[in-house]
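In the working numbering, the protein residues as written are 2 to 365. Contents: one structure, followed by commentary.
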Ligand SMILES: Cc1cc2nc3c(=O)[nH]c(=O)nc-3n(C[C@H](O)[C@H](O)[C@H](O)COP(=O)(O)O)c2cc1C
Ligand SMILES: CCCCCCC(=O)C(=O)O
């Protein structure tokens, strides 16, 4: 078999291994998938200005985030229903993240309960993601359970008051799987983890289209853990997040899966970092498939870069080992990028290191 050497190889291989319905769900973006495409294209428009004759025999990728030490500034984004990629699902991804000295964010819509992930991946630094569900008590309970199980931060997704338009939205979770964090919770007339009506319809039942900044204040109150908002794409909202007491934001367009037509995440990162970067923690995802993409996001001010689908492709190919491989590949690529750019520490990746391609046509 041809050796798999990059994330794109894993994606290709994964396509021949997992169920078509799962693949379509993982791969798809919203609408005409313009934003999904833009996420990758925008990275290609960024150019690196490398510095030479700097001793790069030792490159240090270590960072500390909310008191946790990571071996490198890249983690795993929350992605729902990972057992559709591999039977070991979220436990495999979490363990791989721990082995790689990385960070794992568990989706509340996981096919493994948050307690099982905590028990089986005890050494991994884990954050818990949740929506602000219609059922507030359920949201609060999830956060309390996560806090008790040892998760170190709470990520609230704010770009999904409703489900984006997707061609794959009649997709149902196979009957042997369930939304494991929600299984024991009964809503008025059904089990809240039952997606047999299709995930778009089911999301209408559980997502909360009425959440506002007022609710942000409510949910920062019932946890001692740092709270981050995921899905911020404008400087205005970044400033509001800061003013509402959250500790960080994740600049993300949900991997192009929510609102087709919004910019790529990397296009908006500089304006957000400029507005709040000194005062709050800014993480980044959407469109990162190589270490050099992570390097560009770090140069533009992100303190943590997250991988979404890239991890799913590794998981689909070879479970935990596949995710370990993906993380090792991206880590090595980031290391080489830093060496070739002359950056020996993550905080030495200066913002002049990466420029838009137009920089060269206008600078005579
Ligand atoms: C299959 C799949 C499921 C996802 N599930 C969630 C989720 O439950 N909550 C959430 O906030 N984001 C979810 N996301 C979005 C990711 O957290 C992340 O923002 C996105 O995948 C980043 O883009 P990338 O895939 O290009 O790296 C999901 C993405 C995918 C591909
Ligand atoms: C009711 C299940 C909805 C899962 C949504 C997960 C998600 O955010 C995605 O992008 O897909």
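Ideal placement from N, C-alpha and C gives every residue a C-beta, glycine not left out. Predicted model, so just to flag it, every value in this text is computed and none were measured.
Asked: For the putative contact between residue 245 and residue 217, defined by C-beta atoms under 8 Å, what is the C-beta separation to the nearest angstrom?; Found: 5 Å
Asked: Let me make sure I understand the geometry here. Which of 23, 267, 235, 41 has the alpha-carbon closest to that of residue 9?; Found: 41
Asked: So which residues put a beta carbon under 5 Å from any heavy atom of ligand 2, going in chain order?; Found: 81, 110, 200, 203, 204, 258
Asked: Would you please state the rounded distance, in angstroms, between the beta carbons of residue 114 and residue 181? I believe it to be under 8 Å.; Found: 4 Å
Asked: With a 10 Å radius around its C-beta and 16 neighbouring C-beta atoms as the bar for buried, classify residue 161 as buried or exposed.; Found: buried
Asked: Just to confirm, is the Cβ distance from residue 298 to residue 306 under 8 Å?; Found: yes
Asked: In three-state terms, what does DSSP make of residue 198?; Found: coil
Asked: Considering residue 231, what are the terminal residues of the beta strand (DSSP E) in which it resides?; Found: 228-233
Asked: Candidates 194, 231, 247: which alpha carbon is nearest residue 215's?; Found: 247
Asked: Between which two residues does the beta strand (DSSP E) carrying residue 69 extend?; Found: 69-71
Asked: At the level of alpha carbons, what is the spacing between residue 234 and residue 286?; Found: 11 Å
Asked: Could you tell me the alpha carbon to alpha carbon distance between residue 322 and residue 11, rounded to whole angstroms?; Found: 12 Å
Asked: Does the contact criterion of 3 or more C-beta pairs under 8 Å hold for the region 105-113 versus the region 67-87?; Found: yes
Asked: Any idea which residues DSSP pairs residue 158 with across the strands?; Found: 231
Asked: CA-CA distance, residue 291 and residue 100?; Found: 19 Å
Asked: How many angstroms separate the CA atom of residue 167 from the CA atom of residue 29?; Found: 7 Å
Asked: In chain order, which continuous runs of the alpha helix (DSSP H) of length 4 or greater are located wholly inside the region 22-74?; Found: 35-45
Asked: Which complete beta strand (DSSP E) runs does the region 107-139 hold, if anything under 3 residues is left out?; Found: 126-131
Asked: At the level of alpha carbons, what is the spacing between residue 97 and residue 362?; Found: 43 Å
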